[in-house]
Every structure is written in structure tokens, then in C-alpha cells.
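J.:
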Amino acid sequence: VQLVESGGDLVQAGGSLRLSCKASGINFSITTMDWYRQAPGNQRELVGSITSGGSTDYADSVKGRFTISRDNRVRMVHLQMNSLKPEDTAVYFCRTTRAGVVFWGRGTQVTVSS
């Protein structure tokens, strides 16, 4: 299983970014995909998830600002981030599980300047 994130960048507060995660080695269309983030000195936290059926769930801190979507044809999951805040600064990771084993991508850095 391989997960590769992209799209991280430096952006001003109030701006938007779209992160992507390309998955391989899994039956993507039936797999729940998660986005996590980790800020310096903090534990990794769940940002949101999308099920195989397209149902989504989000952390309270990002509800109404972030949207997760997926494209099963190309095995990608996206995280659209709007109204970004400095506290959104973190490394963002894609995560999934297969047969009880957790797989992580290497992450992509998002920095929001005030």
C-alpha cells in the first residue's frame, strides 16, 4: 500500500488550498480514507474521513471550512481547505487501513501565515 500526498503550500490566512492523496495497492473504491494533521509539538489529530459510499465526517475545528472528496476512477482523495487559519498550520497526512493494518503517507506541509 502506498499513499502519496501533495498540494501543501504556504498560504495567507483566509486563503484556500486543495490537498490530494494518491493511493495504490488497495481496493480503493471500498476503502475509507482519512486525513490527519500534526502541528509541531502536538499529537496527530483526525481532520476528517470519507467512506467508500462518500459519507464524510469532520473534526469540529474544520467543519464548514474543509471538504473531503474522492475520485475512485483515479484512486485519489482530496481535502479542500477554505478560510484557512494560522492554527491550521501542520503536516497533513493521508491514512487508510487494510486487513487491520494502518497505512500512512509521508505528509504534505501546510503553512498558514497571519
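For what it's worth, the working numbering labels the leading residue of the sequence shown as 483, then goes sequentially. Idealized CB from N, CA, C, for every residue including glycine.
#1: Have a look at K545 and S551 and give me their C-alpha separation to the nearest angstrom.
#2: According to DSSP, which residues form a beta bridge with V584?
#3: With distances taken between CB atoms, is the gap from S465 to A495 smaller than 7 Å?
#4: Considering only their Cβ atoms, is the gap separating T579 from S488 smaller than 7 Å?
#5: Quick check: what's the CA-CA separation for G587 versus S543?
#6: Looking at the structure shown, is D542 part of a helix, part of a strand, or coil, going by DSSP?
#7: Under 8 Å by Cβ, that's how I've got G497 and Y574 pegged, so tell me the actual separation to the nearest angstrom.
#8: Using a Cβ-Cβ cut-off of 8 Å (strictly less than) and excluding sequence neighbours within five positions of N554, which residues of its own chain qualify?
#9: Give a single yes or no on whether S551 has its beta carbon closer than 6 Å to a heavy atom of the ligand MN.
#10: Just how far apart, CA to CA, sit Q562 and G530?
#11: Return helix, strand or coil for D570, following the three-state DSSP convention.
T.: From the atom records:
#1: As a working note, residue 545 is residue 63 in the sequence shown. As a working note, residue 551 is residue 69 in the sequence shown. Straight across, the Cα-Cα distance linking K545 with S551 is about 14 Å.
#2: Here residue 584 is taken as the residue at index 102 of the sequence shown, counted from 1. DSSP, once it has assigned bridges, lists T579 as partnering V584.
#3: Past the boundaries of the shown model lies residue 465; the chain is included only from 483 to 596, so the question cannot be answered.
#4: As a working note, residue 488 is residue 6 in the sequence shown. As a working note, residue 579 is residue 97 in the sequence shown. Not closer than 7 Å, so no.
#5: The residue given as residue 587 occupies position 105 in the sequence shown. The residue given as residue 543 occupies position 61 in the sequence shown. A straight-line Cα-Cα distance of about 22 Å links G587 and S543.
#6: As a working mapping, residue 542 is identified with position 60 in the sequence shown. DSSP places D542 in coil when its eight states are reduced to three.
#7: Translated into the one-based positions of the sequence shown, residue 497 becomes position 15. Translated into the one-based positions of the sequence shown, residue 574 becomes position 92. Not a contact, Cβ separation roughly 15 Å.
#8: Taking the sequence shown and counting its residues from 1, the one referred to as residue 554 is at position 72. Annotation for N554: F510 and S511 place their beta carbon closer than 8 Å to its own, counting only its chain and skipping 5 residues before and after.
#9: Looking for the ligand MN in the displayed structure turns up nothing, as the structure carries no ligands at all.
#10: Taking the first residue of the sequence shown as position 1, residue 562 is located at position 80. Taking the first residue of the sequence shown as position 1, residue 530 is located at position 48. If I take the Cα positions, the gap works out to 11 Å.
#11: The count along the sequence shown starts at 1 and reaches residue 570 at position 88. Of the three classes helix, strand and coil, the one that applies to D570 here is helix, per DSSP.
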